[in-house]
Structures are given as structure tokens and as C-alpha cells.
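In the UniProt record's numbering, the protein residues as written are 1 to 324. We put the beta carbon where it would ideally sit given N, CA and C, even for glycine. Here the structure is a predicted model, which is why all the values come from computation and not from measurement. See structure below.
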Amino acid sequence: MTFIIASELRKTYTPRGADPVHALDGLNLEVPQGTIKALLGPNGAGKTTTVKVLTTLTKPDSGRATIGGVDVLASPERIRPIIGVSGQYAAVDENLTGFENLDMVGRLYHLGSRASRARATELIELFDLTEAQNRPVKGFSGGMRRRIDLAGALVSRPQVLFLDEPTTGLDPRSRLGMWDIIQALVGEGTTVLLTTQYLEEADQLSDSISVIDDGKVIAEGTSDELKASIGGQRVEISLVNAGDSAVAQEVLARVGSAAPTVSDDGRELTVNAAAAPAALREVLGEFERLGIPLYDAGMRRPTLDDVFLTLTGHMATDDEEVAA
């Protein structure tokens, strides 16, 4: 069952003294129930705006969206009780303790005093915050704040969980812990829409990925499907001298299916090749003939970074998202 549907969503912001920015430009999206859908793209692509529309925080200029068959725009009061949201920044009261924050959220959902406290205790244990539960949140580490924020999004046992850059700023260990929690939630039937600019996160967590750029979905599929869509292995070389870059690009272009990508300093070059082993042998032979020294050369499978670069012409790097 498709649980989240967005059709032709459009949203334009006009910053003061600047040209209009099309945050959403005909975005279409479907998320099956009980799965993780990752929206992959750089900040500025429209990911956060998509989440804001689907969580009733922003109205689109046009288009429609439904969650569980309920119209998001026509019946926001029916949507809010069934969703949980964890944004880019932890939405917690720093002066309250971890337990008090979760208890407060429960009361806002009208769970009642006893039920709110019971749910807070349950989530404190789930997120491994027992020792810190009675400390003010202002003394929490970044990882602990993210955990208490995600716990707050789960107080009402939502059918759908929206996670906007949930692991931004976390150290690798905390990020892995957050991944385990998210996967456990999906195992219990929760539907998750995850936005991220971390390629590994989308690769490891998601059942399917929608690549978003300039306010629209430009490709979607599983991680393996997206990688397969851009061809075979990559031939990578690392030059000793940046001055050899132009000639090296000509050599790689002859064996590749498209023009090679080049690092800013001109020393690292990558090209997609259908028959990578043969292409690598040819490249190495040609460089030897030309007297071009190499630091390194090799082959690798495509990554999601390659997918994004092939589809958009740029890497999944940071740019400020308007009204994010």
C-alpha cells in the first residue's frame, strides 16, 4: 500500500531583494507503507520544503498530497495526530530534563498524566538515556539532544515518521546507533520519510531512494538500481603532476562512456567504463607511453555519489536551502 503520495507540488519563495527561488518545482513522490524512503540531495534541493508541506507546516502554491488516504491540505487536523517529526535541529526545551521534555510532549498529545509518564519512561529506556533523564537538556551532548528529539517524535506512536537530516552533527558511533533505532521502528510497521545529504545513510537505511535536485525528483529506485542505471565500474587515476591533467582527460575520454570527472586540483580523475579491466590496462599503457607518472590507479563500483554527480552534474554538497 502506498501510504504517502505527493503530486506536482510547487512552492516558490521570494527572498527580499532577490530573485524568486523555486523550492519545489512539480515534485512527485510515493512512499509504500512500512518502508524507509530516502530523499537524497544537497541542501537547497527542496528536501526540507517537501517535509514541511507533508507535515502541514507549509502550504504549497499548487499540487496535492495525501497520507494514509487523508488529504494533507484539506484535513491537516487529521494528519497531525498520525505523524511524528524530527527536524534538522533538536526541538527541545533546554531548561527541562529529558524526562520532562517527553512527558510534556505526551500531555500536548492529551495522553493523560499516567500514560504520558509511562511513555516517557519507555522511550528513555529505548534511547539509552536513563542515566541522563533527570538532567536539564542544556547539559546534553549533541548526540543526546538528537536522541531526545527523536524520542519526542515517537511519543504518540505515529504511523509516519518524518526525519529531516536526523544524524547531522553526530559522531559516527551516534549515527550508527540512530540507524539501528530507525530500522527497528520500520520493523514495527512505521513508515519513514528520511531526508539526508549523507550518501552512506541513504545507502544503508533506505528501501528506496528519490534523488531530488532543483525542487523535483530526477531519479528513483533502490540503491542498487540507481547505481546500475549509470553503468559499470569506474576507472580512477591519481596524477603526480596536475599539469598532466588535460592529456590524462583525453586518454580517459577515449576509454569511457562519458567525459571523465576531475577534482578541483586536477589530479584525481574518474571515468565510467563498461569494460573497466580492459580500459584500465589501456589507460596504464598509454600513460606509460606518454611518460605520465601516477600516484595510483584502480577500479571501483559506482557509488551514490557517482549517481548524483551523473544525474545533476555536481556533488551532493552543502548549499543553504531557502526557508529550510
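| Asked | Found |
| --- | --- |
| Going by C-alpha to C-alpha distance, which of Arg78, Gly313, Gln197 sits closest to Val160? | Arg78 |
| Using the C-alpha atoms, what's the distance from Gly139 back to Ser116? | 23 angstroms |
| Express the C-alpha separation of Ser86 and Gly169 in angstroms, rounding to a whole number. | 14 angstroms |
| Would you mind working out which of Asp103, Lys52, Lys47 sits nearest Ser113, comparing C-alpha positions? | Asp103 |
| Looking at the structure shown, is Glu282 part of a helix, part of a strand, or coil, going by DSSP? | helix |
| Contact between the region 228-236 and the region 121-134: three or more CB pairs below 8 angstroms? | no |
| From Ala253, Asp19, Gly17, Thr66, pick the residue whose C-alpha is nearest to that of Glu8; which is it? | Thr66 |
| Are there three or more Cβ pairs, one per stretch, closer than 8 angstroms when the region 204-221 is compared with the region 46-53? | yes |
| Taking 7 angstroms as the cut-off, decide whether the C-beta atoms of Arg16 and Asp61 are in contact. | no |
| Around the Cβ of Val92, are there at least 16 other Cβ atoms within 10 angstroms (buried) or fewer (exposed)? | buried |
| In the DSSP assignment, find the alpha helix (DSSP H) that holds Arg80 and state where it starts and stops. | That residue, Arg80, is in no alpha helix (DSSP H); it is neither H nor E in DSSP. |
| Measuring CA to CA, which of Gly142, Val251, Thr167 is closest to residue 398? | Coverage of the chain is limited to positions 1 through 324, which leaves residue 398 absent and any answer about it impossible. |
| Contact defined as beta carbons within less than 8 angstroms: I believe Asp207 pairs with Ile82. What is the distance between those atoms, to the nearest angstrom? | With a Cβ gap of about 20 angstroms, Asp207 and Ile82 do not count as contacting. |
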